[in-house]
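Asker: So the sequence shown is numbered by the numbering used here: it starts at 356 and just counts up by one. Positions of the beta carbon are idealized from the N, C-alpha and C atoms, including for glycine. Keep in mind it's a predicted model, so treat the numbers as computed, not measured.
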Amino acid sequence: MRVIALQEPFRVRRSETGLGLFATEVIEKGAFIIEYLGPKISNEEVQRRRNTRYLFEINSRWTIDGSPRWNTARYINHACRPNAEAVVSRGRIRIKAIKRIKPGDEITYNYGKNYFETFIKPIGCKCLTCRRTKPRQMKA
């Protein structure tokens, strides 16, 4: 029996904000892209942790710890005007396209208000939309 490995329609590479996930082929609107994976931990355990960067709450009792590097979805960066969204269903987090994504485009989704307020706002949003709309610095 011959097993054929299917190539994913994305790859991890350097982005403006660190590492990001980029489309390598067209991803149509509505298409499933990737699942956000990791151990399921109780929200009580979340409260005991110091680093909450890759934690994704799935309901009032459970959270996915997406910190393992084998969780390729952890490389999807935040955007205020994203091209994908996270859909939580039956304890799973699936990322799907909300727009047609072209090869070379970075795959992004909105991390939500709590994450934004805690991690992004204090240092300033660096998503493509915010970088384009920031007023230019005046030269002295």
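Alpha carbon to alpha carbon, what distance is there between Asp460 and Gly375?
Answerer: 10 Å
Asker: When you compare the CB positions of Ala452 and Asn432, do they come within less than 9 Å of one another, or not?
Answerer: no
Asker: Assuming Ala378 and Lys457 make a contact with CB atoms under 8 Å, what is their CB distance in whole Å?
Answerer: 7 Å
Asker: Applying the 10 Å Cβ sphere with the 16-neighbour rule, what's the burial state of Asn469?
Answerer: exposed
Asker: How long is the line joining the alpha carbons of Thr407 and Gly421, rounded to whole angstroms?
Answerer: 10 Å
Asker: Starting from the Cα of Glu400, find the closest Cα among Ile419, Ile382, Ile389 and give me that residue.
Answerer: Ile419
Asker: Could you tell me whether the Cβ atoms of Ile448 and Ile413 are closer together than 9 Å?
Answerer: yes
Asker: Among Ile396, Arg429, Val367, which residue has its Cα nearest to the Cα of Arg416?
Answerer: Residue Ile396 holds the alpha-carbon nearest to the alpha-carbon of Arg416 among Ile396, Arg429, Val367.
Asker: For Thr463, count neighbouring Cβ atoms within 10 angstroms of its own Cβ and tell me buried if that reaches 16, exposed if not.
Answerer: buried
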